[in-house]
């Protein structure tokens, strides 16, 4: 019988040790019994003075909670956020150069989580993001060199001052995307949707816009040296103040109706292929 009671006692102790809440509760009961037991004479003989001291200690406790507690909580949350951010960045590195559907969707998810933490200047070079949904994400000043975003959705996304050199946007949807001052030399926009996209002052040297839909796109101030516009739809596109753009490049376009052009380019096109400028 004694052995059974002893075993039950040991099991109870082990269970208590495994549960911190139960352990804290028993410690509270024990310490409270000791403190209250030692304080009984003061309760009976000098209650008013003892009560004042308890209130003073209570105010000190409130101050500790208000200052130290909140500070510790803020430091804890800040540290936890930094650990989460580090985890998301590490996962992007882990999936870099991995051309798979899982890698694409995991990387896209990490991009959105990092955006919620206010981080957008990410290193996504060589990342596989084909067919992902990145609508309205902020990737300003991000490095997307050699990344694969074919068939991806980037409607309304921000790629301001991003590095997009040799990035693959084939058949991607970049309608209303902000790409001001982007570095997209050699980028592939073949058959991409670029309606109302803003490329103002971007570097688009040898970029491929074949079959792209650039209706109402803003290409003001861009460097378009060697860029291909074969069968591109440039309806109402803004091509003023561009550099490196020749008449021969635009002669291959599908439509330039109501496009905004510098006078010299307009006159050359009017002389060679007026039907391009017609409705």
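Residue numbers (the numbering used here): 59 to 337.
In this text, a Cβ means the ideal position worked out from N, Cα and C, and glycines have one as well.
Predicted model, so just to flag it, every value in this text is computed and none were measured.
Bounds of any alpha helix (DSSP H) do not take in residue 280, whose DSSP letter is neither H nor E. When DSSP reads this structure, residue 177 sits in no beta bridge, so it has no partner. According to the DSSP secondary-structure assignment, residue 318 is paired through a beta bridge with 296. Counting only the Cα atoms, residue 201 lies some 17 Å from residue 263.
The C-beta distance from residue 246 to residue 266 rounds to 5 Å, short enough to meet the 8 Å contact threshold. Per the DSSP secondary-structure output, residue 221 pairs in a beta bridge with 201 and 241. Cβ neighbours of residue 179 within its own chain (closer than 6 Å, five residues either side excluded): 199 and 200. With a threshold of 16 other beta carbon atoms within 10 Å, residue 116 falls short and is exposed.
Just measuring C-alpha positions, the residue of 323, 183, 319 and 314 sitting nearest residue 333 is 314. When the five nearest sequence neighbours on each side are left out, the beta carbons in the same chain lying within less than 8 Å of the beta carbon of residue 283 are those of 263, 264, 301, 302 and 303, in order along the chain.
Between residue 140 and residue 162, the gap from beta carbon to beta carbon reaches 8 Å or more.
In the three-state DSSP reduction, residue 211 falls in the strand class (E or B). Counting C-beta atoms within 10 angstroms of its own C-beta, residue 236 has 16 or more neighbours from the protein chains shown and is therefore classed as buried.
The DSSP-derived three-state label of residue 194 is coil. C-alpha of residue 220 to C-alpha of residue 209: approximately 19 Å in a straight line. Residue 328 sits exposed, since fewer than 16 C-beta atoms from the chains shown fall within 10 Å of its C-beta.
Spanning the alpha carbons of residue 83 and residue 135 requires a straight line of approximately 27 Å.
Taking 8 Å as the cut-off, the beta carbon of residue 213 is found closer than this to the beta carbon of residue 193. Distance from the CA of residue 203 to the CA of residue 294, rounded to the nearest whole angstrom, comes to 29 Å.
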